[in-house]
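Written below as C-alpha cells is the structure these notes are about.
Residue numbers (the numbering used here), protein chains in the order written: chain D, 1 to 265; chain X, 266 to 755.
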C-alpha cells in the first residue's frame, strides 16, 4: 500500500491542485493566519493538524471562501485552484463552492428527506436534466459514500433521523452529489464513535481516487491513517508540511516533534 | 366589620404569633440557638403560617359560598305571582339586590334608621316613599314581596358577615395556639415551613388555572341562560343581527353568522397584509441585515407593537379610511361608500400585526442552527436559496405558531374594528363595505343600560363563548401542526 502511495505521490508532485501564497487572514484586529504557503496535490488526502486555535480550520475555510459569511473576516494573499485565483473579484463564491465542497465538524443534514438532502445541491445548480437523472445522481452519490445499502429503502425518511455516523456520510454524499473537484473536511469524525469514524476514514480513502481532499483533524492517528501529506499549523503559522510519514517519523521542526510526541497541544 | 379590618386583625394575630413562637422556641432551648433544630425564625414562621393560612382559606371559601346561600334562601321568599309575565326569577332577584343596596345607602346617608330598615312590619308604602326620597329607587315599581325580600336579604348579609368575622378570627387564634403548642426545641420547624412554602407556591400556580376555569364557567352559565331565552339554532344559523333594546329583546334577531363572517373577513385581510410583510422583514433582519442595521431596525419595528390599538383605530378612521375612499370611493372607482370598511380595518390591523409576526419569526429563524446555513452555503447555495429551502422549512413550526398567534390577536381585536370597520353587521363579499366583528358587538351589547338578565345583554356571553371556542380550536390546530412538523424535522 505504501509503495503504491509513494509512486502516486511522485507522479502528482509536478502540478498542484491548490496553491496558496502568502495567505494572511484577519478577524477584525486579530491576525489569525500568517504567511501561509502551501501546495495541495490533486487526488490525494492532505491533513491539517495542530493544537486548538492554531488556525487550521480558518485556513481550510479560506479555500472555498466560507469565511466570506463572517463579516469581520479579511483574507490577503493569493489562493489559486487550477491556476485560477479564487479571490479574484470575477469569481462567484457560489460557483466556487460547488467546485470545492465542504463537510463540517458536526453532521448537519437539512431537515428534509434523505433523498432531498442529496438532491439539494444538484437541484440548485441545475445538474439534472430529468427526474430519472436526479435519481441516478442521488443513487450514485449514496453508493460512493457507502450509504446506499443502508438507506435505499428509506430515501423519503428524514435525514435527521439517522445515526450520527450515517448523518456524516450523508453529508459527504451530499457534497459529492454536486461533483466537486475538492472536498474540504473540517474535523469530520470529531462527533462520531470509533466504529463510525472507521467507516468515514475508509470512505475518505476510497474518495481519494476521484477527489482532492483536505481534512482538518485533531487526531494524529487519523492524520497518519488517511493522509498522504500532512501540514502542521501552530499559532497561525504553517510550521511544516510534507509527506505524512516524514512528518510523523522524522519531523524537521522542534515544534512539530513536540506536538506529535504529545509534549503540548 | 369591614373585610379590610378583618384581614388586618388576622395579620396582626399572625405577627404576634411569629414573635411569641420565636421567643418560645428560644426559651425552650434555654436561650441557646444551637440546641434548636431549626433557626428561631422558622419557629416564628411556623406559628404565623398556621395562624394566617387556615383563617384566610376559611375567609375565601365563606366569601364565595355566602352569596349562593343567601340568594337561594331569599329567592324562596318570592312567590310565583311576583314574577311577572316575560320576566324571570333572576330579574326579580336583581331588583331585590338593588333594593337592598338602596336600603343600605339610605341608612348610610342618615335618611333612615337601621332599625327601620330592618323592621319587617314597617309599612310598605312608607318605606318605599322614604327610599324614593333618598333617591335610591331607580328601577320600575317595587312590589311588596320584593321589598320584604330585600329587607331579609340585607339582614342575612349582615349576620353572615358577622358570623364570618367571628369564625375567621377564632380560626386564626386556634391556628396560632396549635403552632405555639408544637413549638419546642426538637420540633422540625424548618421542614414544616418548607412544606408550607411549597403549598403556597402551588396555591399561586393553581389560582391562574382556577381563574381560567372560572372565566369559562361564568361564560358557560351565562351562555346557557341566554339559550334558555333565545333559541340556539336562531343564534348559530341566523343571518341577521338586529338587537332591539326595548321590550326585553323580544323582537331581537341575534344571528351570529354576520358577526363571524366580519371577524374572519377582517382577520384574513389583516393576515394577508401582516404575514408576508412580517416574514420578509424577519428574513431580512436575521439573514441579510448587517448588525448595525439590525440594531436600529429591530427596535424600530417593535415600536409598532407598543402603540395602543386605539391609536391604530384613529389612524384607520382619520388616515387610511379617507385615503382608501379617495381611491375606491365615488371620486375614484366608485365601489366604496364610506371610510369605514373591512379593507380599512384589515389593513390597519395588518400593520399592527407586522411586529408580532416579524419579531417572533426573527427569533425562530435565529434559532435555526448556523450549521444548517454552513451546510447550504458549503454546497454553493445562494442566500435566498438557503433561506427558501433550508431555513424556512426548518423554522416552519415556529413560524406557523407565530402566524396563529397573530391570527388570534386579529380575532380578538376590538378598537380598530370599532373605529375602522363600522358597526353594521352585514353579510357581504365586498371588502369595501362596512362590517363588524364579534368583539365589537360584545362591547356594544354590554355598554349602556342593558339588564344582565335580558337576551340582548346575555347574547354577549354567547358571543364570547363562541369566540373562545373558535380561538381554542385555532390553538389546538396550531399545536397539531407544530407537533406534526416537529416530528418530521427534529
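Positions of the beta carbon are idealized from the N, C-alpha and C atoms, including for glycine.
Residue i: contacting residues in chain D (beta-carbon distance under 7 Å)
i	result
residue 650/X	124
Contact set between residue i and chain X, taken where Cβ atoms lie within less than 7 Å
i	result
residue 69/D	642
residue 106/D	636
Rounded Cβ spacing between residue i and residue j (contact assumed at less than 8 Å)
i	j	result
residue 173/D	residue 147/D	6 Å
residue 296/X	residue 312/X	Contact doesn't hold; Cβ gap of about 19 Å is too wide.
residue 534/X	residue 607/X	6 Å
residue 722/X	residue 711/X	6 Å
residue 253/D	residue 240/D	5 Å
Per-residue DSSP class, three states only, for residue i
i	result
residue 745/X	helix
residue 376/X	coil
residue 85/D	strand
residue 554/X	coil
residue 189/D	coil
residue 122/D	helix
residue 158/D	strand
residue 103/D	strand
residue 54/D	coil
residue 272/D	With chain D covering only 1 through 265, there is no way to say anything about residue 272/D.
residue 251/D	coil
residue 113/D	strand
residue 500/X	helix
residue 243/D	strand
residue 495/X	coil
residue 606/X	coil
residue 10/D	Because the pLDDT at residue 10/D is just 45, under 50, the model does not fix this residue reliably, and the value given afterwards should be weighed accordingly. Helix, per DSSP.
residue 145/D	coil
residue 34/D	strand
residue 77/D	strand
residue 519/X	strand
Burial state of residue i (16 or more Cβ within 10 Å)
i	result
residue 170/D	buried
residue 95/D	exposed
residue 530/X	buried
residue 467/X	exposed
residue 702/X	buried
residue 268/D	Residue 268/D is absent from the structure shown; chain D starts at 1 and stops at 265.
residue 17/D	buried
residue 202/D	exposed
residue 526/X	buried
residue 514/X	Residue confidence for residue 514/X is low, a pLDDT of 47 falling below 50, so the modelled location carries little weight and cannot support an answer.
residue 270/X	exposed
residue 737/X	exposed
residue 138/D	buried
residue 25/D	buried
residue 238/D	buried
residue 639/X	buried
residue 65/D	buried
residue 732/X	buried
residue 409/X	exposed
Chain-ordered chain D contacts of residue i [CB-CB under 9 Å]
i	result
residue 479/X	Per Cβ cutoff of 9 Å: no residues; residue 479/X is ~42 Å from chain D at best.
residue 655/X	110, 111, 112 and 120
Proximity test, Cβ basis, 8 Å: residue i and chain X
i	result
residue 200/D	no
residue 175/D	yes
residue 98/D	yes
residue 171/D	yes
residue 178/D	yes
CB contact check: residue i to chain D, cutoff 8 Å
i	result
residue 551/X	no
residue 662/X	no
residue 626/X	no
residue 555/X	yes
Per-residue contacts from residue i into chain D (C-beta, under 8 Å)
i	result
residue 639/X	66, 69, 102, 104 and 108
residue 658/X	110, 111 and 112
Under 9 Å by beta carbon: chain X residues contacting residue i
i	result
residue 131/D	What residue 131/D touches in chain X: nothing, since even the nearest Cβ is about 18 Å away.
Interface residues of chain X facing residue i [CB-CB closer than 8 Å]
i	result
residue 95/D	645
Residue i: CB within 7 Å of a non-hydrogen atom of the ligand SAM
i	result
residue 106/D	Absence of the ligand SAM from the depicted structure is noted, as is the absence of any ligand whatsoever, leaving it without description.
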